[in-house]
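In the working numbering, the protein residues as written are 371 to 643.
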């Protein structure tokens, strides 16, 4: 018996619903049905009110998410625009500097950078086809960047000034004191200047420039400023911290000096026998 009822349960449910519908239709205009209808409307209205409140919350959450996504997109676009503005300003200053120089240079873009350590280099988008060769000075409008160490047809690897094997002769501009700037034992934000005697009147903030004894860099190219002075006990020489003139991490453009020697040295006439 129970199995039979279980099998016909959909039909029983349909019969009950049809019976209820018929009773409602025949009694639609009776006062009792008006009361039932009013109560049903009250319940439905209450449910709809709560559902509408919940839907408003969901709609507000969706709108907030859209606003957050839009804000992230606008922030990203603004960051890219600021980077482009900085690069444009840097390029404008660099080209203005190049126009006022007697040095023969080729402009380049830094396309990759790993400026710290013993095995890291910068990569430029110029090479032999643009006249670049090994051991050429790389600078920009602010100062020295490094020297070329490997050159292909259209690309060059540059040993930056922070490389542990980088060293050049320099001079403290206001004192005419000569020393050697090295990337060895330097930190990511500074160089080390050796061989300056303790008797020199070295001061924080003095400018350091390339010296004419360099075989790669022309003289008077900015290297940086003195940012720290350390006196070694029982040693006649100072160890000076140099704050570089060129920030490698934020520099995007450079110039390779094609005439490796200073113009005034190249123009000197040969000695007569």
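Where is the CB? At the ideal position from N, CA and C, for every residue including glycine.
Assign residue 526 to one of three DSSP states: helix, strand, or coil.
strand
Nearest-angstrom Cα distance between residue 614 and residue 621?
12 Å
What does the alpha-carbon distance come out to for the pair residue 591 and residue 562?
Our two residues, residue 591 and residue 562, have alpha carbons roughly 17 Å apart in a direct line.
In three-state terms, what does DSSP make of residue 512?
coil
Assigned exposure category for residue 452 - 16 Cβ within 10 Å defines buried
exposed
Burial state of residue 580 (16 or more Cβ within 10 Å):
buried
Cβ atoms of residue 513 and residue 536: under 8 Å apart, would you say?
For the pair residue 536 and residue 513, the CB atoms are not nearer than the 8 Å cut-off.
What's the call for residue 520, buried or exposed, on a 16-neighbour Cβ count within 10 Å?
exposed
What does a CB cutoff of less than 7 Å around residue 439 pick up in its chain, not counting 5 residues either side in sequence?
none
Residues of its chain near residue 498, where Cβ-Cβ distance is below 6 Å and the 5 sequence neighbours each way are ignored:
The answer, listed in chain order, is 521, 523.
Looking only at its own chain, which residues have a Cβ that is under 8 Å from the Cβ of residue 576, when we skip the five neighbours before and after it?
For residue 576, where only same-chain residues beyond five positions count, the Cβ hits under 8 Å are 542, 543, 544, 545, 595, 596.
Start-to-end residues for the beta strand (DSSP E) that takes in residue 506
Counting along the chain, no beta strand (DSSP E) covers residue 506, and no H or E run does either.
Which partner residues does residue 600 have in the DSSP bridge list?
609
Determine the direct distance from the alpha carbon of residue 416 to that of residue 386, and round the result to whole angstroms.
Going from the Cα of residue 386 to the Cα of residue 416 covers about 27 Å.
Pair within 8 Å by beta-carbon distance, residue 495 and residue 507
no
Should residue 600 be labelled buried (16 or more other beta-carbon atoms within 10 Å of its own) or exposed?
Exposed: under 16 other Cβ atoms inside 10 Å.
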